[in-house]
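Participant: Mapping of the sequence shown onto this note's numbering: position 12 corresponds to residue -3, and the numbering continues sequentially without gaps. Don't be surprised by glycine CBs; every beta carbon is placed ideally from N, CA and C. The structure that follows is given in the form of structure tokens.
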Amino acid sequence: MNWETISPDLTTDNKVQQKATDETGGLTMDVTFAENHCTVLCIAPSPVKAGVIWAGTDDGNVQVSQMDV
């Protein structure tokens, strides 16, 4: 029923990649802002080990969280 922050930003948080079309010469804004990078695109539990969660971003980061279960 509630969300709790368990980590800092998982992306590179590159401000240059987050700028709008007129500032970067090509990115197009939409309601998701996905084209502007620094977005977590996938979060998934490990199919192999309980308590392991993987996250992938569109700027190249792959993160893993491991909890004792």
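Terminal residues of the continuous beta strand (DSSP E) containing residue 42?
Facilitator: 37 to 42
Participant: Does DSSP put residue 1 in a helix, a strand or coil?
Facilitator: helix
Participant: Among 54, 48, 52 and -13, whose alpha-carbon lies nearest the alpha-carbon of residue -7?
Facilitator: 48
Participant: Check whether the Cβ atoms of residue -3 and residue 44 lie closer than 7 Å to each other.
Facilitator: yes
Participant: Does the distance from the CB of residue 54 to the CB of residue 29 come in under 7 Å?
Facilitator: no
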